[in-house]
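Q:
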Amino acid sequence: MSITNTDVRKVARLARLAMSETEIETARAQLAGIFDLIAEMQAVDTRNIAPMSHAQDVSQRLREDVVTATNQRELFQSIAPQVEAGLYLVPQVIE
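In our numbering, the protein residues as written are 438 to 532.
(1) What are the boundary residues of the alpha helix (DSSP H) that includes Gln467?
(2) May I ask you to report which of helix, strand or coil DSSP gives Leu499?
(3) State the CB to CB distance for the pair Ile471 and Val445, rounded to an integer number of angstroms; the pair is presumed to be in contact (CB under 8 Å).
(4) Among the residues of its own chain, which have a CB less than 8 Å from the CB of Ile440, if the five just before and after it don't count?
(5) Determine the extent of the alpha helix (DSSP H) in which Arg446 is found, giving its start and end residues.
(6) Let me know the secondary structure DSSP gives Leu526 once reduced to three states.
(7) So Glu511 is in the alpha helix (DSSP H); what residue range does that whole segment cover?
Laid out in C-alpha cells, this is it:
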C-alpha cells in the first residue's frame, strides 16, 4: 500500500496536528515502512502454525487453591454506614 503526502495531511488534520512539509514527508516515509512491514508479515504462510500464548514453552508454578483469609463480612458490615439484608447501601448516583 502506498501512502501519499495528501493522505498524511488528511490524517494530521483529523488528528488536529500541525505538521510542516518536512514532518509530513518524514511521517509518510515512516508510515510507508510500517505498511511494508505489515504486508511482509501478512505474506507469511501460517496455516500450519498452532496458536500459542507464549513464545517459550513454560508453565506457571501453581499453588493449592486453599482459602487462607478468614471471613470478616460481619466485622466489615458492622462498621458500614448502611447495611440491609447483608448488602451495603450507597447513595444513588445515576438518576
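Glycine included, each C-beta is placed from N, C-alpha and C at the ideal position.
A: By the coordinates alone:
(1) Indexing the sequence shown from 1 puts residue 467 at position 30. Unbroken alpha helix (DSSP H) run through Gln467: 458-479.
(2) Position 62 of the sequence shown, counted from the first residue, corresponds to residue 499. If DSSP states are grouped into helix, strand and coil, Leu499 belongs with coil.
(3) Here the question's residue 471 lines up with position 34 in the sequence shown. Here the question's residue 445 lines up with position 8 in the sequence shown. Not really, about 12 Å apart at Cβ, beyond 8 Å.
(4) Taking the sequence shown and counting its residues from 1, the one referred to as residue 440 is at position 3. If we look at Ile440 and ignore the five residues flanking it on each side, its Cβ neighbours are Arg465, Leu468, Ala469, Phe472.
(5) As a working mapping, residue 446 is identified with position 9 in the sequence shown. Start and end: 442-451.
(6) For the purposes of this step, residue 526 is taken as residue 89 along the sequence shown, with counting starting at 1. Residue state, collapsed to three classes: coil.
(7) As a first step, residue 511 must be located in the sequence shown, where it is residue number 74. Start and end: 510-515.
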